[in-house]
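Below is one structure, written out as structure tokens; the observations come after it.
2 protein chains.
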Amino acid sequence: MADSSKITAKLEKAKAEGRVWWSFEYFPPRTPQGLSNLYDRIERMGKLGPEFVDITWNAGGRTSDLTASLVKTVHAYFGLETCMHLTCTNMPRSKVDVALREAKEYGCRNILALRGDPPAGGGEWEPHAAGFSHAYELVQYIREHYGDYFTIAVAGFPEGHPEATEGPEVEMEQLKSKIDAGADFIFTQMFYDFDIFADWVRRVKAAGITVPIVPGVMPIQNYGGFTRAIARFRTKVPQYFHDALDPVKEDDEQVRKIGTELVGKMCRKILDTKDLDVHGLHIYTMNLERGSRMLLEYLGLTPTVNPPLPWKPCLTPKRREENIRPIFWANRAKSYVNRTEFWDEFPNGRWGDARSPAYGDVDAYGAQLRFSQEDALKLWGTPETLDDLKGLFERFCAGELASLPWSDAPVAKETKVIDQMLVQLNKRGFLTINSQPPVDGARSDDPVHGWGPKNGYVYQKAYLEFFVSPQQLDELLQRIEKHPQITYHAVNAQGDMRTNTTSDAPNAVTWGCFPHCEILQPTIVDSISFLAWKDEAYEIGRSWARLYGQDSPTYKLLTSVFDSYFLVNVVHNDFKQDLAIFEPFLQDALPDVEKLQVNGK
Amino acid sequence: MADSSKITAKLEKAKAEGRVWWSFEYFPPRTPQGLSNLYDRIERMGKLGPEFVDITWNAGGRTSDLTASLVKTVHAYFGLETCMHLTCTNMPRSKVDVALREAKEYGCRNILALRGDPPAGGGEWEPHAAGFSHAYELVQYIREHYGDYFTIAVAGFPEGHPEATEGPEVEMEQLKSKIDAGADFIFTQMFYDFDIFADWVRRVKAAGITVPIVPGVMPIQNYGGFTRAIARFRTKVPQYFHDALDPVKEDDEQVRKIGTELVGKMCRKILDTKDLDVHGLHIYTMNLERGSRMLLEYLGLTPTVNPPLPWKPCLTPKRREENIRPIFWANRAKSYVNRTEFWDEFPNGRWGDARSPAYGDVDAYGAQLRFSQEDALKLWGTPETLDDLKGLFERFCAGELASLPWSDAPVAKETKVIDQMLVQLNKRGFLTINSQPPVDGARSDDPVHGWGPKNGYVYQKAYLEFFVSPQQLDELLQRIEKHPQITYHAVNAQGDMRTNTTSDAPNAVTWGCFPHCEILQPTIVDSISFLAWKDEAYEIGRSWARLYGQDSPTYKLLTSVFDSYFLVNVVHNDFKQDLAIFEPFLQDALPDVEKLQVNGK
């Protein structure tokens, strides 16, 4: 596995590039619903461009399994690097070993080694009989048993440790002992006073500690949270913070706005004070989104690193090199990761060598409808006629509906350029579930289509996937015959396949050309994976139908559609012809649609 | 190996596409010089688009080894499919076995089974005691021992076999016995009378023979050759041939012109007469070029099939799937094939898996200067100063010199678009030995840049390779720093390497996007193969120097250059910027050169 997943390597790289980086800390929530929401949030906040995310170890140790499982999920589904906290609290060495083994297994190469808070319920901190008394012992243990595999971070306390009584010199010795034991860098406790931080950093350096220091920053999200946090950690807050916030403390919006300015100015001063040598910010999100987002916006920090691929890679160790996927799961990435979890390898990261893999069962991993009956009814109601059904698909394509049974999320940004065409298609009975417009050499930093290393160009072939009746399919395929650049596969629930392709080999539909690189071709269409996806696509339709009573008109409509309709994928291979993929669908269409086509060319 | 290398498959495909095809027959020459010339000719005539080439078995059997070696060379170096003749004359079964084994080993899947002429020196044809008496026995033997591996052709005689006395019915029975023994199609003996051919074809069909019939056509190249051939094969020639040719028989030019018209009209009539079901022509070239070329031009037949890759593939069995090569050997393809002959495999046809292969020795396979002392002196004279040397490189780039020590052939067609820039580079001391202009999505049927399946687009990154002095290299690399899209490798004879790349991975510099295909990326630049090429490039320079006396100014000039100069490759990774690769070389250049750059953009 590449060392580039180690935070130390990331920090060096960002520093060499003169770039400011940031990371987000989250804690394991206490309820299943909270966990589900946090997953959504981590995924969404991933787009804000954190260099890594940091998952705390629950103070009481009750949720330690949840910490590991969060790390796993973030690697597997969200493609973000992680740092995992590990504390001495209530941890015999055997539990430390389990946690480190799991971290390694899931692809995490960064550990924040802490003594930890006293267990929930109060009382003094006490070491576990078979565990460690100090963070430096934990650091030592990790280094002894795992060599250089992990980057190890330790905590620094600019205002002094809340429980410490020995004074700053002793604390500095303790920090030094952690570094001497093998720690690679320092995360600080939160603070709101620039001078305290700057003074402490200079003392750390004067003590001969040369590892990078990363300030921990807590955005001010609302007045209650702010006052609870500073009380808990006994944080010293400059008077001008209070002067600015107290008058508006009842107005959350104003608190966030003024708080963002206060914290933002402090961060800017830290980054601008050269002798502090600070190049990144570790943000205590408190599992909230808005304050972190506003702080980054205030500082003018936006993701500078493009996504490395057009889809989120899976960062578990054996899949890190994976660089090619079928397009069919584009809107159900988690299902794809699950259904291919047991593939032994992705040789050279290439699909070609794994062309006939055993996709996991459709049923085994929730590869069915991902919506509860309640959500489904709220979203899609009770369609009773084909027109009702078309209407749902039209509204989804127009951006008026947040999801369809086959799409976990609203239509992608890039689909916007063809959404009016898609609405027309659905009006005509082509029930679209996936699509992409053609792209002819957009820059790799293009905000809509870009991905991959900078100074490159990215390309796409136009793609459409839909359900359609057998009668309409016959007519369509006749019209497609006149378009030699179009290839298609059509299959019904029974597995009857029609195609005009002559080979099972993959068709690259997304690729990119970059400096000093092979051509990357991360998204493909091929018949074998299409057949695996077909089972899933029909099963989703059937499980949607099953939400309704067997005598209901909705059940009857949906089952008759999915029993008889074909699932069709269509690729227009000439990516230089803008909207040509729509021609065989809309050639009998209204004048305004024809105009759309001509304009597109 | 694909069945597509069998002629039967090719004939079916051409017929399905409504396309006329042609093939060229050559015979093994009797002198080494003749052989060398024939190799050049076969390679050059390969560009006329023959579906395959056909190598005769020497009538006397003396040159049978040469036949196999011709087949091998055509497959390995020229990337053309072959048909190999095999006769019964003087051939014990053991020799037949050797010939078939060799054909298989070299990648030939097509055999023309013949009884053969009597041995040279005259006398009646007599069977070999351990051999075969009739072609049908040879056909039977091949089918019994090689199953369907080979396509088997047999000869047909529209005018009757020259030695036959039994009459047309018996001959038809003999033809039928060859087909019944397992032959797949028929090549005919040459003829000049449409009616005789048409009548014979209809009789063949009436006899129940349904295999394809391919007329053998001999262009009229000069009067002497024409009369000797018709005398030897007792060919019946219509009176109007004589009437047209006899008056101009002393004028070769006129004979070829009128002869082309006469033969061309006959061919056209054959192709246009539907019931004959003829879709291709087998051309007896007599190892000459001009007549065959004129005949094809007269018939309006030009290569319709694009080259499948930008370089000629090697059609020996284990290399057929090879689809990626380093750019460095672009002008010395044979040396590349030789130096990689012993690679065990090209897994999946991809370079990536064979990134560190053991290139054969520079010395082992003539990977040195491919020119005799005489040729070298004639071509390059005795350069005594650096300006003399620059002048040679300038003239080569301007198309005024047919070769350089590093280039077997004149500058490629596509280089024409940058030849004036290259001349400027050489004037300034960058001694260029390889280059390609950028291409941003030319159609795959583009006459200059096109390759690969139809309806695709092909791309190139601009590439330059040259020798340059260490001082100039220093200046150049400083200027290159301001061009983030340029990557380079520089190495001297001692192996000191300088590069701004951060990875050994290949940089794709030629690639193509085609319907229902993965992206093909057949040409790459990478550091490991560059180091292998470096040894060869310097050895060529040193062997050029060795042609001159050690005290001569030329020897001293060349050795001092190749002892101190760096070999440099430069890639401009932005293929959308026309002439940007020249900017760091010519930024201090004359106004007209600057204008060239601006126009190029």
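Line by line, the protein sequences give chains R and Z.
Under my numbering, the first residue of the first sequence is numbered 1, with each subsequent residue one higher.
Under my numbering, the first residue of the second sequence is numbered 1001, with each subsequent residue one higher.
The C-beta atom is built at its ideal place from N, Cα and C for all residues, glycine as well.
These numbers come from a predicted model, not from an experiment.
Residue-level contact to chain R via CB, residue i, 8 Å cutoff
{"i": "residue 950/Z", "result": "Because chain Z here runs from 1001 to 1601, residue 950/Z falls outside it and cannot be looked at."}
{"i": "residue 1507/Z", "result": "yes"}
{"i": "residue 1356/Z", "result": "The predicted model places residue 1356/Z with a pLDDT of 45, which falls under 50 and marks its position as unreliable; any figure quoted below should be read in that light. Output row for residue 1356/Z: interface = no."}
{"i": "residue 1484/Z", "result": "yes"}
{"i": "residue 1573/Z", "result": "yes"}
{"i": "residue 1436/Z", "result": "no"}
{"i": "residue 1503/Z", "result": "yes"}
{"i": "residue 1459/Z", "result": "yes"}
{"i": "residue 1487/Z", "result": "yes"}
{"i": "residue 1494/Z", "result": "no"}
Any C-beta of chain Z under 8 Å from that of residue i
{"i": "residue 441/R", "result": "yes"}
{"i": "residue 578/R", "result": "no"}
{"i": "residue 518/R", "result": "yes"}
{"i": "residue 455/R", "result": "yes"}
{"i": "residue 471/R", "result": "no"}
{"i": "residue 89/R", "result": "no"}
{"i": "residue 521/R", "result": "yes"}
Cutoff 6 Å; reference residue i; Cβ partners in own chain excluding five residues on either side
{"i": "residue 1237/Z", "result": "1192, 1230"}
{"i": "residue 226/R", "result": "220"}
{"i": "residue 1479/Z", "result": "1584"}
{"i": "residue 1066/Z", "result": "1028"}
{"i": "residue 376/R", "result": "547"}
{"i": "residue 313/R", "result": "79"}
{"i": "residue 282/R", "result": "23, 187, 214, 216"}
Check whether residue i and residue j have beta carbons under 8 Å apart
{"i": "residue 194/R", "j": "residue 84/R", "result": "no"}
{"i": "residue 607/R", "j": "residue 451/R", "result": "Because chain R in this structure spans residues 1 to 601, residue 607/R falls outside the shown range and cannot be described."}
{"i": "residue 1032/Z", "j": "residue 1070/Z", "result": "no"}
{"i": "residue 1285/Z", "j": "residue 1025/Z", "result": "yes"}
{"i": "residue 1287/Z", "j": "residue 1041/Z", "result": "yes"}
{"i": "residue 337/R", "j": "residue 77/R", "result": "yes"}
{"i": "residue 438/R", "j": "residue 462/R", "result": "yes"}
{"i": "residue 1612/Z", "j": "residue 1176/Z", "result": "Residue 1612/Z lies beyond the stretch modelled for chain Z, which goes from 1001 to 1601, so this question has no answer here."}
{"i": "residue 1190/Z", "j": "residue 1218/Z", "result": "yes"}
{"i": "residue 379/R", "j": "residue 407/R", "result": "no"}
{"i": "residue 1429/Z", "j": "residue 1472/Z", "result": "yes"}
Buried versus exposed call for residue i [16 or more other C-beta atoms within 10 Å across all chains shown]
{"i": "residue 1079/Z", "result": "buried"}
{"i": "residue 544/R", "result": "buried"}
{"i": "residue 37/R", "result": "exposed"}
{"i": "residue 1125/Z", "result": "exposed"}
{"i": "residue 470/R", "result": "exposed"}
{"i": "residue 1411/Z", "result": "buried"}
Short CB-CB distance (under 8 Å) between residue i and chain C
{"i": "residue 515/R", "result": "Here chain C cannot be found, since the structure's protein chains are R and Z."}
Span of the beta strand (DSSP E), counted from its first residue to its last, around residue i
{"i": "residue 1480/Z", "result": "It is not in any beta strand (DSSP E) - residue 1480/Z instead sits in the alpha helix (DSSP H) that spans 1470-1480."}
{"i": "residue 1441/Z", "result": "1439-1443"}
{"i": "residue 1525/Z", "result": "1520-1525"}
{"i": "residue 512/R", "result": "507-513"}
{"i": "residue 224/R", "result": "Careful: residue 224/R lies outside any beta strand (DSSP E), inside the alpha helix (DSSP H) at 223-232."}
Beta-carbon proximity list for residue i, same chain, < 8 Å, skipping 5 on both sides
{"i": "residue 139/R", "result": "113, 152, 154, 178, 181, 182, 183"}
Extent of the continuous alpha helix (DSSP H) to which residue i belongs
{"i": "residue 1338/Z", "result": "1333-1339"}
{"i": "residue 26/R", "result": "Counting along the chain, residue 26/R falls outside any alpha helix (DSSP H), though it belongs to the beta strand (DSSP E) covering 21-26."}
{"i": "residue 426/R", "result": "419-427"}
{"i": "residue 1397/Z", "result": "1386-1397"}
{"i": "residue 1195/Z", "result": "1194-1206"}
Beta-carbon contacts of residue i that lie in its chain and below 7 Å, excluding the five residues immediately before and after
{"i": "residue 72/R", "result": "106"}
{"i": "residue 310/R", "result": "451, 510, 522, 523"}
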